[in-house]
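Novice: Structure in structure tokens, see below.
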Amino acid sequence: AQSVTQPDIHITVSEGASLELRCNYSYGATPYLFWYVQSPGQGLQLLLKYFSGDTLVQGIKGFEAEFKRSQSSFNLRKPSVHWSDAAEYFCAVGDTGNNRKLIWGLGTSLAVNP
Amino acid sequence: DAGITQSPRYKITETGRQVTLMCHQTWSHSYMFWYRQDLGHGLRLIYYSAAADITDKGEVPDGYVVSRSKTENFPLTLESATRSQTSVYFCASSESAVTYNEQFFGPGTRLTVL
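These protein sequences, in sequence, are chains H and Z.
The opening residue of the first sequence carries number 46 in the working numbering; numbering runs sequentially from there.
The opening residue of the second sequence carries number 567 in the working numbering; numbering runs sequentially from there.
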């Protein structure tokens with residue numbers, strides 16, 4: 046069965062520092078991969094997505110992610126974190142069935158120190 | 567406004583009462599989803615729908631009922647609310663005309679069952 050693992054439940058970084066959030070998935074073929082962000086009290090917003098092609102994808106708010114098939118990973122990065130990036134981040138992979146479902150990781154909570 | 571809306575945004579009810587959470591989208595997306603979000607559990611799929619009059623169970627359907635008589639609406643009903651159904655509920659939609667699984671989320675409904 047497909048699964049998504051986000052190894053870090055909680056991460057704290059200082060403002061201006063670089064950030065990497067980890068995501069590992071299990072899936073046989075080329076997956077559809079997503080990162081979503083949830084600010085406190087808000088719904089989920091798509092940061093970026095990968096379907097095929099260039100393995101480095103750019104998203105909104107200065108985020109990028111790199112698909113590494115050999116490592117079954119899709120890590121999210123940002124070179125310089127802003128206080129407004131404090132939020133919950135979710136990684137997801139598209140389900141194999143023709144149902145548009147997503148398989149979700151449990152999320153990583155990001156705190157930003159001033 | 568275009569997009570996906572949920573109502574009410576906040577609801578307090580008592581054990582045993584019936585509660586209906588509403589979800590409305592203006593994109594005419596074929597697929598719609600209901601999730602609940604609880605600390606430590608991430609997002610869990612309750613029900614989803616591929617089109618009007620087509621619904622299917624997700625991971626945690628017990629105690630919930632859905633219907634979809636119109637493409638744009640996907641109400642979720644708790645037939646007899648229990649305290650364990652205290653949660654934040656998110657509705658999402660997805661377009662079927664593309665081969666990937668991107669989902670668009672509503673702002674959520676925070677439900678408290680006393």
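All C-beta atoms, glycine included, are put in the ideal place defined by N, C-alpha and C.
A quick note: this is a predicted structure, and the numbers were derived from the prediction, not measured.
Is any beta-carbon of chain Z found at less than 8 Å from that of H:Lys-146?
Specialist: yes
Novice: Measure from the C-beta of H:Lys-94 to each C-beta in chain Z and report whether the shortest distance is under 8 Å.
Specialist: So, interface residue.
Novice: Among all the DSSP beta bridges, which residues are the ones paired with H:Asn-120?
Specialist: H:Glu-111
Novice: Below 7 Å on C-beta distance, what does H:Leu-121 contact in chain Z?
Specialist: Residues of chain Z passing the Cβ test: none, with the nearest at roughly 16 Å.
Novice: If I measure Cβ to Cβ from H:Ile-148 and keep anything under 7 Å in the same chain, skipping five residues before and after, which residues do I get?
Specialist: Gln-47, Ser-48, Val-49, Ala-137, Val-138, Asp-140
Novice: Is DSSP giving Z:Ser-650 helix, strand or coil here?
Specialist: helix
Novice: Give me the DSSP bridge partner(s) of Z:Gly-608.
Specialist: Looking at the DSSP output, Z:Gly-608 shares a beta bridge with Z:Asp-604.
Novice: How many Å lie between Z:Gly-582 and H:Gly-98 at the Cα?
Specialist: 52 Å
Novice: Mind listing, in chain order, the continuous beta strand (DSSP E) runs of no fewer than 3 residues lying wholly within the region 59-108 of chain H?
Specialist: 64-66, 69-71, 78-83, 89-95, 101-103
Novice: Along chain Z, in chain order, which residues have C-beta atoms closer than 9 Å to that of H:Tyr-77?
Specialist: Thr-665, Tyr-666, Asn-667, Glu-668
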